[in-house]
Structures are given as C-alpha cells and as structure tokens.
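Participant:
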C-alpha cells in the first residue's frame, strides 16, 4: 500500500531521466510511497510542480509527519533517503558499497556532452550508425562502458560480495538506478554495446520485472502525453 505520508513527485516517465532514477528504485524494492506525475507540456501541471519544488525541478520527495515535514530534491539524495529504511539499495559489502557510491556520484555529476546529445525518450528508436557522435560524446560513451565493465568484471571474478543477478554489483543497487536511463538512451539512439559483457548487462536492466512494468506504463503514457523534442526534426526519416 502506498504511504500517503511519503510522496514522490515525478515528471513524465518517457522524458525525465532524473525522475526515472527514483522511480525504478521504488519499483525494484517496493518502497511504499505515493507517486504523483507531472507533465511539462500541460501548462497547469507545469505550474503546479514549479510552485511545489524549491528548485523548480523534479523529482522531489515529500515526507510528512504529525509535527514536521521536509522536501528533498536531487535523485541521488532521494535514493540515499530511501536507503535509510531500505539498506539493500546499496551493496552489503563495504568495498562494493564505496565503489558503488563512486560510480553513482560520477553519473550524477558527469557526462554533460552525452546528456546534451541524447535527450531522454523511452519510445524513440534510431538505427545504429544514423548519428555521428562528437569526440566528446564518444569519449563519454566509452567511459560509461568502462564503468559497467569494471563493475561486472569485479562481480563475476568474485572480488565483489553477494549473489550475482547480472547487475553492476550482482544485486540491483542505487548504482544501477543511476545508469538505467543511460541504458535506455543507448537503446533509443542506437549506441551498440562494446562487448558481450556490456550487452548482457543492458539486457539484464531492460528485462528486469521493474523495468518491464515501467516500460508498459511509459507506453500507456505516450498515448496521451508526447513532448516534441526539437531534434526530432533532424531524425524524422529514421
């Protein structure tokens, strides 16, 4: 049952990578909270979340008690707050946990060229090779592949601790939540995995029950809420 005292305010699943990072953790770990979704293309919805958020941005976690309340922005801060009551959001092993925090923080703060070049759009598909990426974007793609490969090699080799379900540190964690939208961006823009290990990781993410559930919700959302990114005009033939 949703916890009415905990409200997670999100933007459209299809277009907001930051909202998706919080939402996928909620689904994976069955975190009790009320989900409230807003849409940029709807003027009333847009005005409502702009008035609610102290930064004017989403996602936003709202926690209310009888005597106090707090609102928390930033996806990584929201995920850390969830981890207070759901410790398994981070790997159980101390070294794995430290490394997971590193790669999660790198995703949160880095990769500006990739973010600019690959607008989030769950339902869009562009064939591999249709777009020539700048050297900056290509470098960031390779860095992300390096991160995924390092984490998976560590887990498979036994350097990590715990079971291996195919995620970065074996079990799904905040680190995976931070990179889920990147997996979707690579799927959207036809970025092919560098090797079989990376391909397997991407498929693990895409085929997880939580992602399948959200994919179905995103498809339903697209029937009534479509945001026309400007760059669509460039790729109208693909």
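Numbering (our numbering), first residue to last: 3 to 240.
Ideal Cβ positions, reconstructed from N, Cα and C, are used throughout, including at glycine.
So within the segment 111-189, which uninterrupted alpha helix (DSSP H) runs reach at least 4 residues, ignoring any that extend past its ends?
Facilitator: 114-119 and 137-159
Participant: What does DSSP give as the partner residue(s) for residue 11 in the beta ladder?
Facilitator: Beta-bridge analysis with DSSP links residue 11 to 38 and 62.
Participant: In the DSSP assignment, the beta strand (DSSP E) including residue 73 goes from what residue to what residue?
Facilitator: DSSP places residue 73 in the uninterrupted beta strand (DSSP E) bounded by 71-75.
Participant: Look up residue 33 in the DSSP assignment and say whether it is helix, strand or coil.
Facilitator: coil
Participant: Should residue 166 go down as buried or exposed, given a rule of 16 or more other Cβ atoms within 10 Å for buried?
Facilitator: exposed
Participant: State buried or exposed for residue 239, treating a residue as buried only when at least 16 other CB atoms are found within 10 Å of its CB.
Facilitator: Bear in mind that a pLDDT of 30 at residue 239, under 50, signals an unreliable position, so the number given afterwards is only what the model happens to contain. Exposed, because fewer than 16 other Cβ atoms sit within 10 Å of the Cβ of residue 239.
Participant: With a CB to CB cut of under 6 angstroms and the five nearest residues on each side skipped, what residues in its chain are close to residue 119?
Facilitator: 139
Participant: Do you know whose CA, among 12, 196 and 27, lies nearest residue 87's CA?
Facilitator: 27
Participant: Spatial neighbours of residue 9 within its chain, please: CB distance less than 7 angstroms, with the 5 preceding and 5 following residues excluded, ordered by chain position.
Facilitator: 35, 36, 38 and 64
Participant: Going by beta carbon distance, what residues of the same chain come within less than 7 angstroms of residue 223, once the five residues before and after it are set aside?
Facilitator: 14, 15 and 16
Participant: Distance check for residue 160 and residue 41, CA to CA, integer angstroms please.
Facilitator: 44 angstroms
Participant: Would you mind sorting residue 77 into buried or exposed? The rule is 16 or more other CB atoms within 10 Å of its CB.
Facilitator: Residue 77 comes out buried.
Participant: How is residue 56 classed by DSSP in three states: helix, strand or coil?
Facilitator: coil
Participant: Compare the Cα-Cα distances from residue 21 to each of 79, 53 and 71 and report the closest residue.
Facilitator: Taking the Cα of residue 21 as reference, the smallest distance to any Cα among 79, 53 and 71 is reached at 79.
Participant: With respect to the alpha helix (DSSP H) encompassing residue 211, which residues constitute its N-terminal and C-terminal limits?
Facilitator: 211-224
Participant: Compute the Euclidean distance between the alpha carbons of residue 199 and residue 179, then round it to the nearest angstrom.
Facilitator: 18 angstroms
Participant: Measuring straight from C-alpha to C-alpha, what distance separates residue 108 and residue 31?
Facilitator: Residue 108 and residue 31: Cα-Cα distance of roughly 23 angstroms.
Participant: State the CB to CB distance for the pair residue 90 and residue 60, rounded to an integer number of angstroms; the pair is presumed to be in contact (CB under 8 angstroms).
Facilitator: Not quite, the Cβ-Cβ distance comes to about 25 angstroms (not below 8 angstroms), so this is no contact.
Participant: Tell me, please, whether the segment 140-156 touches the segment 102-116 by the rule of three or more beta-carbon pairs shorter than 8 angstroms.
Facilitator: yes
Participant: In whole angstroms, give me the CA-to-CA distance for residue 2 and residue 25.
Facilitator: With the chain represented from 3 up to 240, any question about residue 2 goes unanswered, as that position is not in the structure.
Participant: I need the DSSP call for residue 197, collapsed to helix, strand or coil.
Facilitator: Residue state, collapsed to three classes: coil.
Participant: Assign residue 67 to one of three DSSP states: helix, strand, or coil.
Facilitator: coil
Participant: Taking 9 angstroms as the threshold (C-beta atoms), are residue 85 and residue 93 in contact?
Facilitator: no
Participant: Cβ of residue 181 within 9 angstroms of Cβ of residue 150?
Facilitator: yes
Participant: Since I believe residue 219 is in contact with residue 185 (beta carbons under 8 angstroms), could you give me their beta-carbon distance rounded to a whole number of angstroms?
Facilitator: Not quite, the Cβ-Cβ distance comes to about 17 angstroms (not below 8 angstroms), so this is no contact.
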